[in-house]
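Here is the structure we will look at.
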Amino acid sequence: MAFLVFIALMVALWALIHADKANRRVANLNARLDVLTRRLADLQGSTPQPQSVGAPVATAPPTLSEPLPAPVPPPMADTPSPRPIPKPVPTPSPSLGPPSLPPPSLEQALGTRWLVWLGAIAVALAGVFLAKYAVDLGLLGPAVRLTLGGLFGAGLVVAGDILRRRAASAGDTAGRGGTPSFQAASIPAALTAAGLATAFACVYAAHALHGLIGPGTTFAGLAVLTGAAFLLALRHGGGEGLSAGAFIALLGLGGGLAVPALVPSDHPSAWALFGYLALLNTATLAVGWRLPAPWLGLPVLAGAALWVVTATAHGSDAIPIAVFLAALSGAGMGFALTGLRHRRSDVTDAWIAIALGGVPLLLDWLLLVGSDYAVAGVAALAILTLLAVTAARWPSPHTRVMTALAPIAAAIATLALSQGFTVRGADLPYGAQLAVALGFGLGLAAAGLRALAIPPAITGTRPRAWAWSAALPITALAWAGWAFDPSNTVPDVAWALVGIVLAGGAAWAARWTARAEGAADAFVIASLALISLALAALLRTSWLTAALSLLIPAVALIESRTAMAGLVAALRRAAALLAIVVAGRLMLNPWVLEYPLSGTSPLNWLVWGCGVPALACAGGAWLLRRRRDDRPARGLAIAALVLGLLFACLEIQVMQGGRLDSDPFALLPTSLRTALFLVTALVLAGRPGNPGPAHPVARWGARILVRLATAQVVVVQLGILNPLWADEPVGSWPVVNLLLLIYALPALLFGLVAWGQTPGPGRRVLVTLVLVLAFACVSLEVRQAFHGSILTLWAHGGGRPDAEWYSYSAAWLGFALVLLAAGVKTRRADVRYASLAVLLVTVLKVFLSDMADLTGLLRILSFLGLGLCLMGIGYVYQRVVFIAARPPEGTA
Numbered sequence: 018m019a020f021l022v023f024i025a026l027m028v029a030l031w032a033l034i035h036a037d038k039a040n041r042r043v044a045n046l047n048a049r050l051d052v053l054t055r056r057l058a059d060l061q062g063s064t065p066q067p068q069s070v071g072a073p074v075a076t077a078p079p080t081l082s083e084p085l086p087a088p089v090p091p092p093m094a095d096t097p098s099p100r101p102i103p104k105p106v107p108t109p110s111p112s113l114g115p116p117s118l119p120p121p122s123l124e125q126a127l128g129t130r131w132l133v134w135l136g137a138i139a140v141a142l143a144g145v146f147l148a149k150y151a152v153d154l155g156l157l158g159p160a161v162r163l164t165l166g167g168l169f170g171a172g173l174v175v176a177g178d179i180l181r182r183r184a185a186s187a188g189d190t191a192g193r194g195g196t197p198s199f200q201a202a203s204i205p206a207a208l209t210a211a212g213l214a215t216a217f218a219c220v221y222a223a224h225a226l227h228g229l230i231g232p233g234t235t236f237a238g239l240a241v242l243t244g245a246a247f248l249l250a251l252r253h254g255g256g257e258g259l260s261a262g263a264f265i266a267l268l269g270l271g272g273g274l275a276v277p278a279l280v281p282s283d284h285p286s287a288w289a290l291f292g293y294l295a296l297l298n299t300a301t302l303a304v305g306w307r308l309p310a311p312w313l314g315l316p317v318l319a320g321a322a323l324w325v326v327t328a329t330a331h332g333s334d335a336i337p338i339a340v341f342l343a344a345l346s347g348a349g350m351g352f353a354l355t356g357l358r359h360r361r362s363d364v365t366d367a368w369i370a371i372a373l374g375g376v377p378l379l380l381d382w383l384l385l386v387g388s389d390y391a392v393a394g395v396a397a398l399a400i401l402t403l404l405a406v407t408a409a410r411w412p413s414p415h416t417r418v419m420t421a422l423a424p425i426a427a428a429i430a431t432l433a434l435s436q437g438f439t440v441r442g443a444d445l446p447y448g449a450q451l452a453v454a455l456g457f458g459l460g461l462a463a464a465g466l467r468a469l470a471i472p473p474a475i476t477g478t479r480p481r482a483w484a485w486s487a488a489l490p491i492t493a494l495a496w497a498g499w500a501f502d503p504s505n506t507v508p509d510v511a512w513a514l515v516g517i518v519l520a521g522g523a524a525w526a527a528r529w530t531a532r533a534e535g536a537a538d539a540f541v542i543a544s545l546a547l548i549s550l551a552l553a554a555l556l557r558t559s560w561l562t563a564a565l566s567l568l569i570p571a572v573a574l575i576e577s578r579t580a581m582a583g584l585v586a587a588l589r590r591a592a593a594l595l596a597i598v599v600a601g602r603l604m605l606n607p608w609v610l611e612y613p614l615s616g617t618s619p620l621n622w623l624v625w626g627c628g629v630p631a632l633a634c635a636g637g638a639w640l641l642r643r644r645r646d647d648r649p650a651r652g653l654a655i656a657a658l659v660l661g662l663l664f665a666c667l668e669i670q671v672m673q674g675g676r677l678d679s680d681p682f683a684l685l686p687t688s689l690r691t692a693l694f695l696v697t698a699l700v701l702a703g704r705p706g707n708p709g710p711a712h713p714v715a716r717w718g719a720r721i722l723v724r725l726a727t728a729q730v731v732v733v734q735l736g737i738l739n740p741l742w743a744d745e746p747v748g749s750w751p752v753v754n755l756l757l758l759i760y761a762l763p764a765l766l767f768g769l770v771a772w773g774q775t776p777g778p779g780r781r782v783l784v785t786l787v788l789v790l791a792f793a794c795v796s797l798e799v800r801q802a803f804h805g806s807i808l809t810l811w812a813h814g815g816g817r818p819d820a821e822w823y824s825y826s827a828a829w830l831g832f833a834l835v836l837l838a839a840g841v842k843t844r845r846a847d848v849r850y851a852s853l854a855v856l857l858v859t860v861l862k863v864f865l866s867d868m869a870d871l872t873g874l875l876r877i878l879s880f881l882g883l884g885l886c887l888m889g890i891g892y893v894y895q896r897v898v899f900i901a902a903r904p905p906e907g908t909a
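Per the numbering used here, the sequence shown starts with residue 18, numbered consecutively.
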């Protein structure tokens, strides 16, 4: 039975061979037809070549449909002879390249690629099932079965190679590794891959399942098969996408990476393991460079990462891993850069090269963490960084893309070394780590400045990338060394001197690189960061914030006296960044609440810790606006406004309870903040009718503050903390109490804001809010006169005397009359409408409530006063408001 199955497989293989031969013939005919079609099109579109001077010219007689040419008169004697017409130079016909081809359809992809690879998998599985069938029947022993399986795999490899040679001799583009009419899968490569997979399985089964060979022989056999896979990949050649050779090389890489896991050793050695992996990766990268198939570097990195993580997790020795990573980066960068320079490549190849330089750095960082920052890992980090920086400077068609490798490598090295300062018990002591960090920082700075010394027009690099790779490491490592000093090994004064010296160097570099595009930004920011380090080493808490804020006007002053455009732009952006840092230190720093205060006195650290930064930002904005009003200048103006409001709000908090962490939503501080927001909005909005548009910061700041004040009034003052249901004392004095601050003052300020706005929905909302606040103030003042400081509805047993209830009607009538007088005086219809609304509420109260609740003289006075007021208001409307609408006397 097994023999019949074997015969069936051979028949299927014969059918595959003949089908492949027929496909090659059809493809060859199609290619020839395409070439002939292009030649015919070129001949039909070409112009006839000019004939020689003495050659006879055959002219056809003119047809009837064509007009006869007019006779040309003979030339006059004094007519100059015409200039000779130059002989046109025939242009050479373009060389016939490969025709432009449409993308493959779904049917083409399925029929020519995926079915072939599925067929290869099926053939490999057929060999496995054949061996299993023989085992189940007990027909053959293990040695014979594995031998036949190996021969079967070898036969598939040989068949694939024969088909490849026949395809090459027939001129098939797919067999030569060229570009076919579409990316068809290579049947010879599929057979070769199936044969290699079968051979891999047989060798592994001989060791793991049957114990016929030892670990050493198994390892050697699998390694030989891996090498054979690489050689066969080169024989099959490459092409675009997943070519035949690339697929076989990928299969060999996968098998080679699995060999150490499939064949465990009795005496494991990290040197042997990573030496083998280094050879495997180098061979794969070489094959990828030769095919070409640069994307093979990505599975190489994936396999290397898997083994490095596994070995580090098991506590393997760091030295062989470090050597392996250096070899991986060197081989990867070498083959990648050679490919970029000596063959046609695209941007994707450059990013693969960047990955080959960046991923080993990440793996070395992992090695440093796992080995407590062993010396070998630090040495490997230096080698890998050097290789990455060298590759970034290496000339290639994609130098601008490759330049990104420099800041990537600098950032990874900086992060790895900075984390090393936090490790207790590291192999390198703190002093040695400082020396290493200094060497890294100065080395990267020198490399970046060296790259910036050559004009970008010559090298094709990105100056901004080199500037950041030069300025970032030394700055970040200095900050990390100071922040994570375990026992104050270096005095703060020494750190301050180091920061000042390095800041001076960064400032010189900023001026030296000012003409390079975007390069000065990095050095200006680095200089300010190093000055900040010096200040942080000498100052603490609010004094540090004040000192940092004073750098803002200093930078703006330097900018105003600088003429170099690149340096001017860098200084302006640096000033805005400093403002962000200062504002973040005040607003996002939880330790601010613990800064010491001096009771409820307004003379505390807020004056210099928050007020001085606000003035510094305002001064910086003024200096920057002298040159132009751009984003940095507006950013400083916003920072000045925010910090000024923050200073005032915190002072309100301190004056209330002497602490910054007291309740910020009590009624008194909320009312003061509302008044503060509205007064600031009025100042920003300016005088009503002022010609010219307001500054964008002032305009939007006023709008935002008005909305914040409105939200506070509606939600807190009229809602949650309303004295009618909140136990908030308002004071014992009639009229002169907190109700004026809580309701009367916001009503007045909202009225002034509404006065300066143009008619519209926003103004109507403000007018309505003014009416509500004033009405609440009048009503609560009446209640305070009868109940004292606490105005809750349930105070004093919840009762109310008739005099209080009558006083509401009288107060509301007086309020309506005041509004009417103001509306008539100012000729504002909205104010008169508000008067009528209050009057309507009073009428409803008198007729619906006073008639039933009041008795005696109070009820009489309520109706009498209402009636007189209503008649008086009617008289005012007849004689004053609508006097212009009355018809003149004597008219009908």
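Backbone N, C-alpha and C define an ideal beta-carbon position, used for all residues, glycine too.
What residue range does the alpha helix (DSSP H) around residue i cover?
{"i": "Met672", "result": "648 to 674"}
{"i": "Ser688", "result": "684 to 702"}
{"i": "Arg590", "result": "582 to 604"}
{"i": "Glu576", "result": "558 to 577"}
{"i": "Cys794", "result": "778 to 804"}
{"i": "Arg644", "result": "Taken as a continuous stretch (DSSP letters only), Arg644 belongs to no alpha helix (DSSP H), as it is neither H nor E."}
{"i": "His224", "result": "204 to 225"}
{"i": "Thr416", "result": "416 to 419"}
{"i": "Asp16", "result": "Residue 16 falls outside the range modelled here, since the chain spans only 18 to 909, and no answer is possible."}
Is residue i helix, strand or coil when you go by DSSP?
{"i": "Leu85", "result": "With a pLDDT of only 43 at Leu85, under the threshold of 50, the placement of this residue in the model should not be trusted, and no figure is reported."}
{"i": "Phe501", "result": "coil"}
{"i": "Tyr850", "result": "helix"}
{"i": "Glu534", "result": "coil"}
{"i": "Tyr390", "result": "coil"}
{"i": "Trp368", "result": "helix"}
{"i": "Ala443", "result": "coil"}
{"i": "Tyr612", "result": "coil"}
{"i": "Phe438", "result": "coil"}
{"i": "Thr355", "result": "helix"}
{"i": "Arg479", "result": "coil"}
{"i": "Thr431", "result": "helix"}
{"i": "Ala484", "result": "helix"}
{"i": "Ala495", "result": "helix"}
{"i": "Gly332", "result": "coil"}
Measure from the alpha carbon of residue i to the alpha carbon of each residue in the options, then state which is nearest.
{"i": "Ala246", "options": "Arg182, Ala533, Gly212", "result": "Gly212"}
{"i": "Trp625", "options": "Ala564, Ala295, Gly271, Ala587", "result": "Ala564"}
{"i": "Leu632", "options": "Ala527, Leu345, Ala571", "result": "Ala571"}
{"i": "Phe664", "options": "Leu552, Val43, Asn621, Leu701", "result": "Asn621"}
{"i": "Thr301", "options": "Leu765, Ala367, Arg162, Leu251", "result": "Leu251"}
{"i": "Val518", "options": "Gly535, Trp560, Leu459", "result": "Leu459"}
{"i": "Leu279", "options": "Leu318, Thr687, Ala409, Ala225", "result": "Ala225"}
{"i": "Val858", "options": "Gly805, Ala802, Val789, Arg845", "result": "Val789"}
{"i": "Ala638", "options": "Leu514, Leu588, Phe792", "result": "Leu588"}
{"i": "Val696", "options": "Leu766, Ala171, Glu798", "result": "Leu766"}
{"i": "Ala654", "options": "Leu689, Pro713, Leu561", "result": "Pro713"}
{"i": "His284", "options": "Val731, Gly255, Gly233, Leu451", "result": "Gly233"}
{"i": "Leu342", "options": "Leu380, Gly675, Ala319", "result": "Leu380"}
{"i": "Leu756", "options": "Thr775, Ala791, Ala143, Thr785", "result": "Ala791"}
{"i": "Ala452", "options": "Phe438, Val406, Gly442", "result": "Phe438"}
What I want to know is whether the C-beta of residue i ends up closer than 8 Å to one or more non-hydrogen atoms of the ligand MG.
{"i": "Gly305", "result": "In terms of ligand content, the structure shown is empty, and the ligand MG therefore cannot be addressed."}
Every unbroken alpha helix (DSSP H) within the segment 242 to 325, with a cutoff of 4 residues, ordered by chain = Segments of the alpha helix (DSSP H) lying fully in the segment 242 to 325: 261 to 279, 287 to 307.
Only counting runs of 4 or more residues, tell me where the alpha helix (DSSP H) segments fall wholly within the segment 719 to 769, in order along the chain.
-> Those alpha helix (DSSP H) runs which fall completely within the segment 719 to 769 and span 4+ residues do not exist here.
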